[in-house]
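Each remark here refers to the structure printed beneath this line.
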Amino acid sequence: MSIVCATDLSEGSRQAAEVAARIAARRGQPLWLVHQIHPDQLRVAAEPVREGLRALLREETRRLEPLGARVESTLLESASARALAVFCEAHEARLLLVGTPRDEPAALGSGVSLERIARNCAVPLLRVRDAAPFEAWLGGTRPLRVMFGVDRSHGSEAARRWLTELAADGPLELLAGHVYYAFEQCRRLGLPTPMNLDEVAPRIEEVLHREISALAAPDTGAAPRVHLRMAVGRAADHLVDLAREAEADLLVVGTHPHNVLGNLASVAHHALRLAPMAAAVVPVTPAASRGEAPLPQVRRLLVATDLSPLADEAIPFAFALAPTGAEVHLVTVVPERAGADLHRDLKQRLMERVPRGLDTRNVTTRLEVLHGEDVALALVQAAERMDAELVCLGSRGHGGMKEALLGSVARKVLAQSRRPVLVLRPPVR
């Protein structure tokens, strides 16, 4: 494994190379300094140009060696946008660092070349603007202040895993930033949309604070402080503002492959381009395929029944999956016109279905009667409000719900839910 620093031999690249050398020394990994040159630039006086660039790379290598890393350099002669990505793959790079390109307009960010690097490389990309915060961090003077842009995506989970790896190099002060759109959240959570969005913001942020805290929580260390921002417009702009206001040293976001048009909406693309502090983008990797994905924590389960015998058979299985200290929400759905008497009766019937012997496992049970004409939508929205890590449904039922649970309802839940859904079939009769 190695650390790679792509350099254009500018002052910005020198800052990035210093950080790369310190990280490589801390990890005991070699550092590769890589300069890519287009073959067209070698059409005239090719050999003198090559030797001049190699001499500059050797000089930079000698400058960095006192920092404790084993430094090697190479000149990539290629027109391919993937040449650097191929080099990183061949040398099992764990991190790619870049500086501020020499031809970058100060107000515009990284430009096309940096975007191309981010799009093609399958390793975390760290863009360094100033080496000083990293020197203080790696020197043990203070923690690195990191704003982590969090959402419920594979990219965000990849970024969280990378932050755990980064924390092994030195202490982090972790902040979790999330930008949300009020109308979208009202639909997701099943909340009425008021005329004044400030009225609904506290309820939305109560749910989001719990969700973001759980999504951003590191494997070790203190829970992050959550920063939420109700937004209109491009999310990346607001995320960069959150990082700037928090005086973050580093902004970290996850990413997944985009085409050029997709980059217009990519938070990672614009954060990398616009952030006035260091920024890192972490690509999605097939962690599960390599056995590296962490085991998910199931702390809250939503269990749905229409109170029919077949649907009820899912309840014991769901409670059996609940680990010690978990919270199980046992729910059923009735039309909005249901009266108070029916509501009380249904809660009592739910109570009768709670399995015995849960006291020793410290499992908390919450009973809830949901209201809605669309059963599947009511269940999906309830799972979002509860921040359920798992939704459990029986495979078939004919009772209080409007439709059978694995007729159209379960199919709709499977199609609409952003949470894992477990459909339990009863034993064959």
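The opening position of the sequence shown corresponds to residue 15 in this note's numbering, with each subsequent residue numbered one higher. Ideal placement from N, C-alpha and C gives every residue a C-beta, glycine not left out.
#1: What is the DSSP secondary structure of HIS49, counted as helix, strand or coil?
#2: Just verifying my parser: in three-state terms, what is the DSSP assignment at ARG439?
#3: What residue from ARG248, MET244, ALA429, VAL18 has the CA that sits closest to ASN210's CA?
#4: How long is the line joining the alpha carbons of SER24 and PRO216, rounded to whole angstroms?
#5: Rounded to the nearest angstrom, what separates LEU384 and LEU229 at their Cα positions?
#6: Determine contact between the stretch 33 to 42 and the stretch 143 to 161, defined as no fewer than three beta-carbon pairs at a distance below 8 Å.
#7: Buried or exposed for ASP359, please, with buried defined as at least 16 other CB atoms from any protein chain shown within 10 angstroms of its CB.
#8: What number of angstroms, rounded off, separates the C-alpha of CYS102 from the C-alpha of VAL435?
#9: Whole angstroms are fine: how far does the CA of ALA181 sit from the CA of LYS426?
#10: Keeping to the same chain, check which residues put their C-beta closer than 7 Å to that of VAL33; ignore five residues upstream and five downstream.
#11: What does the alpha-carbon distance come out to for the pair ASP165 and GLY113?
#12: Whole angstroms are fine: how far does the CA of HIS284 sit from the CA of VAL274?
#13: Which parts of the stretch 292 to 335 are runs of the alpha helix (DSSP H), unbroken and 4 residues or longer, counting only runs that do not cross its ends?
#14: Residue range of the beta strand (DSSP E) that ARG243 falls in?
#15: With respect to the beta strand (DSSP E) encompassing LEU109, which residues constitute its N-terminal and C-terminal limits?
#16: Between VAL246 and VAL267, is the Cβ-Cβ spacing less than 7 Å?
#17: In or out: MET161 buried (at least 16 other Cβ within 10 Å) or exposed?
#18: With a threshold of 7 Å on Cβ separation, who are the neighbours of ARG72 within its own chain once the five nearest residues in sequence on each side are excluded?
#19: Under the rule that 16 or more other beta-carbon atoms within 10 Å means buried, what is THR338, buried or exposed?
#20: Would the stretch 329 to 345 count as touching the stretch 306 to 317 if we require 3 or more Cβ pairs under 8 Å?
#21: Nearest by alpha-carbon distance to GLN29: which of GLY204, LEU140, THR207, ASP54 is it?
#22: Given a cut-off of 7 Å on the beta-carbon distance, is the pair LEU391 and LEU364 in contact?
#23: Return yes when the Cβ of PRO138 is within less than 7 Å of the Cβ of LEU158, no when it is not.
#24: Once you ignore the five residues that flank THR269 on each side, which residues in its own chain have a CB closer than 6 Å to its CB?
#25: Spatial neighbours of PRO369 within its chain, please: CB distance less than 6 Å, with the 5 preceding and 5 following residues excluded, ordered by chain position.
#26: Whole angstroms are fine: how far does the CA of LEU288 sit from the CA of GLY125?
#27: When you compare the CB positions of LEU70 and VAL63, do they come within less than 7 Å of one another, or not?
#28: Closer than 6 Å by C-beta to ALA35: which residues in its own chain qualify, once you throw out the five before and the five after it? Chain order, please.
#29: So is GLN199 buried or exposed if we call it buried at 16+ other beta carbons inside 10 Å?
#30: Measuring straight from C-alpha to C-alpha, what distance separates PRO48 and MET291?
#31: Would you tell me roughly how many angstroms separate the C-alpha atoms of HIS223 and ARG399, rounded to the nearest one?
#32: What first and last residue would you give for the alpha helix (DSSP H) that runs through VAL281?
#33: My output table needs one value for SER16: the three-state DSSP class, helix, strand or coil.
#34: Candidates LEU438, THR346, ARG68: which alpha carbon is nearest VAL394's?
#35: Taking the alpha-carbon positions, what's the VAL377 to GLY371 distance?
#36: Measuring only the C-alpha atoms, how far is THR178 from ALA60?
According to the data block:
#1: strand
#2: coil
#3: MET244
#4: 48 Å
#5: 26 Å
#6: yes
#7: exposed
#8: 38 Å
#9: 41 Å
#10: LEU111, VAL142, ALA145, PHE148
#11: 27 Å
#12: Caution applies to VAL274, whose pLDDT of 39 falls short of 50 and renders its modelled position unreliable; the value that the coordinates give is listed next. About 12 Å.
#13: 323 to 326, 328 to 335
#14: 239 to 244
#15: 107 to 112
#16: no
#17: buried
#18: SER87
#19: exposed
#20: yes
#21: LEU140
#22: no
#23: no
#24: GLY169, ALA282, VAL295, PRO297
#25: PRO330, PHE333
#26: Only weak support is given to the placement of GLY125: the predicted model assigns it a pLDDT of 36, under 50, and the value that follows is read from those uncertain coordinates. Their Cα atoms are separated by approximately 10 Å.
#27: no
#28: LEU45, LEU78, LEU81, ALA83
#29: buried
#30: Note that residue 48 is Val in the sequence shown here, rather than Pro. Taking the straight line from one Cα to the other gives about 23 Å.
#31: 11 Å
#32: 281 to 288
#33: strand
#34: THR346
#35: 10 Å
#36: 45 Å
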